[in-house]
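Residue numbers (the working numbering): 1 to 631. Every residue gets a Cβ at the ideal spot worked out from N, C-alpha and C, and that includes glycine. Here the structure is a predicted model, which means the values were calculated and not measured.
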């Protein structure tokens, strides 16, 4: 057993919380449904990128190459300034769904290079232009272009001409579960000397503004030798960030700058964009001279010649720094964690693969592991608003997600993409879990169980789709994913987790019943539903009522349900090997599959078939209000 496998085993046994800290900070919190309190659901416009540096988030935090604890109380991420940009680079930039000619699109270059499943070692690369970042030009040109034209990318602006950019490499290594080593390296790739302000930032998620009487955490410059920031939180306890050298410490509050956004007086003298205003605009009064707050940055002013690199070290720990915590074993621990990562992946990646293929597989898995995100969304509170604050528009009670008031999400979840899609998608998650099971079956199982819990699954049995429309219908792949994860873990560990299989099976019975009752309009064993995957971009919304009346029998929806039956049949047969009580339900799913297969050829005995013999293909069937039909 490798050291990483030992850490996974300790996490599974709950003897050591190796997953407390990880890359759980999203890359875009602005422009999300969670942060949208508009009457008409215009999420992109309600909280745009221009507000992100100045406005406290309600439901999460974002950052560049960042980490947080699993409840996102304390966050650490990177900020940069090239001396030319109008704002600090604190988060990735991109065009919104309404600005991009092909929808939302991140306009940056960054790479998830490595990660172990417990995040005992992680590596991330960001490429930062040395010239003025073309924020406005990217928006204007992408907005101007038609859907038939290619997207206008950052590279197209000339921002990287002459290799005038910085490579910023961020690495994390865990000495212990609450002892994180951080190494940030900046390299000037350009042909001339260049300056770069490096501002690693530590801050608390704002949890105190939304609940009267909530405890307020605090950051402060610690007394004693060295440069240290002390963080104190009611439930997280004390943490210390030790910083190399003698950098400038800057403190402000993670509070909204209402004066900048809405010309209203600020509730706090120091606000979220205070460090930005101090560095970029030279406003010394924007940061707290007492060196206390809820957001703090460590400023290094780097002067780099062509090809020159500079590295800075940090240590975030729950133990007060004693002695030289950034020397001694620091580099040795980094080297050890890197070796352990190599040893772990040698057990995962087939030895027979070519070296290039091995690197591709490892980095692909790193991308999956870096795409974990703390996701917080309580629909009832989101609709009602927070105590002591103005109530949101009442129209929202008839709008987006109003039928999902039971839903309470506050978990680390695998995301499709932490910038373009920083929200879970139920059927995407199933595919994620199959891939993640190769390196961390425990996390994969936890994710699949989570979406079947009472605070996720609707009381009627439907799984939440995604925050833009929780009630949308997605392909039913949860059973397939659970069965695949079960088999993958059995192969990897030589033992089957039958308790997991039972847990998901019983909850999936509820979901299957929802499908049969809600998406088989006439009880003919053919299915309707909407977005079901095989026709990703439809001519019209198949989930909405037809303007002509009638309904559509979907060949893809019916196929998915046939597969669902087979997945449930396989699970029932596996469980029946040790418990005969599952034999009856196995025969039920076999029978249901036969009904569906027959119905695709002869719907309800009417002779209507989804199969076209001439084309050799299944088609949808449109049922008209007058009783006619066509395929």
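State the CB to CB distance for the pair residue i and residue j, rounded to an integer number of angstroms; the pair is presumed to be in contact (CB under 8 Å).
i	j	result
residue 415	residue 424	6 Å
residue 382	residue 55	Incorrect: roughly 17 Å between the Cβ atoms, too far for contact.
residue 296	residue 201	7 Å
residue 126	residue 64	6 Å
residue 568	residue 508	7 Å
If you run the structure through DSSP and keep just helix, strand and coil, what is residue i?
i	result
residue 13	helix
residue 81	strand
residue 270	coil
residue 330	helix
residue 558	helix
residue 275	helix
residue 198	strand
residue 238	strand
residue 290	coil
residue 535	The predicted model places residue 535 with a pLDDT of 48, which falls under 50 and marks its position as unreliable; any figure quoted below should be read in that light. In the structure shown, residue 535 sits in coil (DSSP, three-state: anything other than H, G, I, E or B).
residue 48	coil
residue 592	helix
residue 26	strand
residue 318	coil
residue 405	coil
residue 162	helix
residue 8	helix
residue 582	helix
residue 152	coil
residue 418	coil
residue 19	coil
residue 38	coil
residue 376	strand
Smallest Cα separation from residue i: which of the options?
i	options	result
residue 233	333, 161, 74, 59	74
residue 301	280, 291, 576	280
residue 565	581, 576, 585	585
residue 365	90, 113, 8, 100	113
residue 174	294, 59, 317, 147	317
residue 97	286, 319, 31, 494	31
residue 377	486, 475, 470	470
residue 406	458, 385, 562	458
residue 273	345, 50, 575	50
residue 464	385, 427, 489, 596	427
residue 6	499, 439, 571, 563	439
residue 119	371, 224, 257, 518	371
Between which two residues does the beta strand (DSSP E) harbouring residue i extend?
i	result
residue 56	From DSSP, residue 56 is part of no beta strand (DSSP E); its letter is neither H nor E.
residue 182	179–188
residue 142	Per DSSP, residue 142 belongs to no beta strand (DSSP E); it is in the alpha helix (DSSP H), 135–144.
residue 428	From DSSP, residue 428 is part of no beta strand (DSSP E) but of the alpha helix (DSSP H) over 426–436.
residue 489	Premise fails: residue 489 lies in the alpha helix (DSSP H), 478–493, not in any beta strand (DSSP E).
residue 232	227–233
residue 70	Segment: none, residue 70 is in no beta strand (DSSP E) and carries neither H nor E.
residue 212	Counting along the chain, residue 212 falls outside any beta strand (DSSP E), and DSSP gives it neither H nor E.
residue 129	121–129
residue 248	248–252
residue 219	218–221
Between which residues of its own chain and residue i is the CB-CB distance below 8 Å, once the five residues before and five after are set aside?
i	result
residue 305	188, 193
residue 12	442
residue 70	19, 20, 21, 22, 24, 374, 412
residue 238	230, 231, 232, 318, 320
residue 513	461
Please confirm whether residue i has its beta-carbon closer than 7 Å to some beta-carbon of chain C.
i	result
residue 63	You won't find chain C in this structure, because it holds only one protein chain.
So, at 6 Å on beta carbons, what are the nonlocal neighbours of residue i in its own chain, with the 5 sequence-adjacent residues on each side left out?
i	result
residue 28	62, 419, 422
residue 360	none
residue 138	107
residue 102	151
residue 210	386
Note the first and the last residue of the continuous alpha helix (DSSP H) segment covering residue i.
i	result
residue 449	441–450
residue 107	Here residue 107 belongs to no alpha helix (DSSP H), and DSSP marks it neither H nor E.
residue 396	Run containing residue 396: none; DSSP gives neither H nor E here.
residue 366	355–370
residue 258	258–262
residue 383	379–384
In chain order, what residues of the same chain have a beta carbon less than 7 Å from the beta carbon of residue i, not counting five sequence neighbours either side?
i	result
residue 9	none
residue 263	none
residue 183	171, 311, 313, 334
residue 588	none
residue 261	51, 54, 55
residue 454	none
residue 325	242, 315
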